[in-house]
Amino acid sequence: MSPSSFTVLRRRSLRRPAVILLVIFAILFLGQSTLRDLGFDAQHSTRIAFKYAAGAGGRGAETVTRMVWATRTVTRDPLPTRLPPPQPKRKSNLPKNMPNAKDESHTYHPSGLLLVNPRAAHPIPALIRTAEAAWALKLARASTTLRQAAAEYTRRHGRLPPRGFDAWWGYVRARQVRLPDEYDQIERDLGPFYGVRGGELRAVQRGWEAHVDSYTLGKDMADGRDAYGEAYADEESESLDTDTDADGARKDRLRMLNFTLPADPAVRLELATGGFQLIELLREVEAELPPFRAVFSPHDNPNVGLDYELRQQALEAARKGTYIDTTHPPPQKHAGWLSACPPFSRAWRDFNDGKTPPPPKSFVHDALLAADPCHHPTLLRSHGAYLAHGAGPAPYRTLVPQFSYSVTPLHADVRVALPLNWVPDGIPNEGRPPPLGLAWAERVDARLQWRGSNTGIWHASDGRWREAHRIRLAALGAGVGSVNVSVLDPGEDGRGARPVGPALPVLRARLVPVLFDVAFAGNPMNCEPAQCDVLERMFEWRKGHDLKTAARYKYVIDVDGNGWSSRFKRLMNSGSLIFKATTYPEWFTDRLAPWVHYVPIQNSYTDLMDALVFFRAHDKAAARIAAAGREWSRRYWRREDMVAYMYRLFLEYARVMSTDRDAMSFEMWPDEREDAARERALMARWDRKGEEQEDE
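Structure follows, in structure tokens:
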């Protein structure tokens, strides 16, 4: 070692005592907490105030402020006199998408879920407040005049309203239909068809009338020609409706024009029931409907496979005012369900990934996104609508205008407001308004109620029915699963005054009987004989609940069956707080507010216990949503509201199928001074029609 190197080392050794003395001096004069604060970057810290109420021992309320850092928590409380022994460093089991500890807010994920940050307040109060504010804004901005409604239509959709929009507006005003602008679901369903020439769509529709198991509703022209101006030939179609004048001339009324239903009369009539209900629903407005022909599927499920690439091409063409080349469609896809999803969506990334880490606790903040398998590919492995078809069907290579009773986000069918199982504002055959005279405080059972059959999928020996949505719900109610479950602390008030904290482990066997009265009713169905036996052994099959028994429950869950749930209207009438899990967006999606009128639940049910525990701890919040849901059903889901939806849907459909769409559009008259008088005249027409119907 050179002399110079030795000198350097000697100088460094002499510095060590000085450094030690400096540290001791800092501890004595600056204080422990100040020194600790200096060890971290203040830009990555935040202060959280924890307020503790007075304890049982008489200790007064106090507030303790803690400093939260990005890597650890440092308190300003005195250090303990005896430190615990050092613990070995453990690998974190938190998922990568866990919200950062420094952030006191939850994460609103683009998949429609709110990811819970344990360091933030319980999220449900905030979800309710946000939803109530959005609902109030939607009500406040609703159009009140025809001119406003026409302008809002053009702003939203980039085109003029359809011809007949003024008469439709008169019906809306005369029948007090609320939220007259909220029909975006029609645009989502019909929008792509504007990228195809009307003549080509007519050819597709004509050919589709021969599709097996379908019926065609429509209206002919007054001179006997069909909706496309062609001479009507009876021998080319079969009709269940022989509604003609005495001299044999056809009436220009809404009719069932054609069908390809089974030959058995009973089966045929059963499958055609939905069509006849729609005809009856629209009797009041049929004279105002333009001629059209619409093919319907009579089944619960949709069947027009969606091709994402084709849909996007059509939407882009429609936006530009051009048309796609239907003679050169996109190449045939062989990706099944994934063909309906954007190429960079989570479904493409995670479809075959069955070992993804468990996500943090989460709740639904956007019900439309939460129902979409493109954002939540686990739906493809856990819902009968998708499980029944394995990897999924091949998508259609052309846009097919078919109407269906229920539609998933992965289908291209056009959904309708079907009055099947619709009930008026009251309990049938009881003569009393719901909920059978029981006020919220009189409902004695705070468990979550559900009774239903094992529909939703065919139960075959080689099928994956054990993962289907109703099977999983019944298993949850039976306490099947892991020994422990984790539940968020609901808190002691509804204001979210303290952090929700990590989920608390609870024995499933203790929690399930207290929270759930969920079971299959009747006997196994939709199953092979051997699988029916398996189902009978797996579950306790209980009796169904009549309306009087069901009225005792504060909380009820609604889930899909073979298709959409047709009991939702009745449940919303009941006065219970409705929890709902679905993958079927319905016609009223834009007119209903989750967290205001009902509680949205993920199809995985991973948030069900947390939501139920919260509302059982916050009875006033539960009662408020239950009452709002009941009022929504009474004011926003009347027969008139379904008529208004179908009326506008067929106005839009008749235009998109026209070879001259401009001629099928509505333009406001230029002189605004005429508005009031014209609107009064439009409303008066519907008042007279209503009086005429009452006389009949």
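Quick note, the sequence shown lines up with residues 1 to 696 if you use UniProt numbering.
Backbone N, C-alpha and C define an ideal beta-carbon position, used for all residues, glycine too.
Helix or strand or just coil, what does DSSP make of residue i?
i           : result
P162        : strand
T107        : strand
C527        : strand
L269        : helix
K219        : strand
G321        : coil
N258        : strand
V500        : coil
L448        : strand
V534        : helix
L282        : coil
R680        : helix
R542        : strand
P600        : strand
L387        : helix
P505        : strand
F344        : coil
S143        : coil
P419        : coil
A167        : helix
P125        : helix
residue 700 : Only positions 1 to 696 of the chain appear in the structure, and residue 700 is not among them; the question remains open.
To the nearest angstrom, report how far apart residue i and residue j are at their CA atoms.
i    : j    : result
L571 : H597 : 12 angstroms
L380 : G392 : 9 angstroms
F165 : F666 : 6 angstroms
I471 : S604 : 12 angstroms
H469 : T130 : 29 angstroms
P290 : M683 : 19 angstroms
F516 : D307 : 40 angstroms
P373 : C341 : 8 angstroms
L201 : M657 : 6 angstroms
R188 : P585 : 11 angstroms
E284 : R175 : 12 angstroms
E316 : P180 : 27 angstroms
N454 : S111 : 29 angstroms
M256 : E467 : 39 angstroms
L420 : Q277 : 7 angstroms
K548 : S574 : 10 angstroms
W595 : D671 : 43 angstroms
L649 : D413 : 13 angstroms
Rounded C-beta distance between residue i and residue j? I'm assuming under 8 angstroms.
i    : j    : result
W169 : L651 : Incorrect: roughly 11 angstroms between the Cβ atoms, too far for contact.
P329 : V116 : At roughly 44 angstroms, the Cβ-Cβ gap does not stay under 8 angstroms, so P329 and V116 are not in contact.
A623 : W348 : So it is not a contact: roughly 43 angstroms between Cβ atoms.
R661 : L281 : So it is not a contact: roughly 26 angstroms between Cβ atoms.
L113 : S486 : Wrong, their Cβ atoms sit about 17 angstroms apart, outside the cutoff.
F292 : A371 : Contact flag wrong, Cβ pair sits at about 29 angstroms.
A121 : P499 : 6 angstroms
Counting only beta-carbon separations shorter than 8 angstroms, does residue i have a partner in chain B?
i    : result
D252 : This model lacks chain B altogether, as it is built from one protein chain only.
Taking the alpha carbon of residue i as the reference point, which residue from the options has its own alpha carbon closest?
i    : options                   : result
K569 : W632, D517, T582 and F615 : W632
Y647 : Q332, G218, A460 and P670 : G218
A677 : G481, G112, T145 and K580 : T145
H157 : L190, M609, N573 and L577 : L190
D489 : A617, A140, D264 and L261 : A617
F403 : R655, K689, Y183 and Q205 : Q205
N303 : Y386, Q277 and R268       : Y386
R451 : F588, D558 and F259       : D558
W337 : A388, I279 and G321       : A388
V295 : V364, F615 and V400       : V400
D675 : A150, P424 and Y323       : A150
Can you tell me where the beta strand (DSSP E) with residue i in it begins and where it stops?
i    : result
I625 : Looking at the DSSP string, I625 is not in any beta strand (DSSP E); the run it does join, the alpha helix (DSSP H), is D619 to Y636.
V513 : The sequence shown places Pro at residue 513, not Val. Here P513 belongs to no beta strand (DSSP E); instead the alpha helix (DSSP H) covers R508 to L515.
A367 : Not the beta strand (DSSP E): A367 falls in the alpha helix (DSSP H), residues A367 to A370.
I557 : Y553 to V559
V304 : Taken as a continuous stretch (DSSP letters only), V304 belongs to no beta strand (DSSP E), as it is neither H nor E.
F363 : S362 to V364
I578 : L577 to A581
R293 : F292 to F296
F650 : Looking at the DSSP string, F650 is not in any beta strand (DSSP E); the run it does join, the alpha helix (DSSP H), is R639 to V656.
L113 : L113 to L115
Within the continuous alpha helix (DSSP H) that includes residue i, where are the two ends?
i    : result
I471 : H469 to G477
Q185 : D184 to L190
A335 : Looking at the DSSP string, A335 is not in any alpha helix (DSSP H), and its letter there is neither H nor E.
L201 : G198 to W208
N573 : F568 to S574
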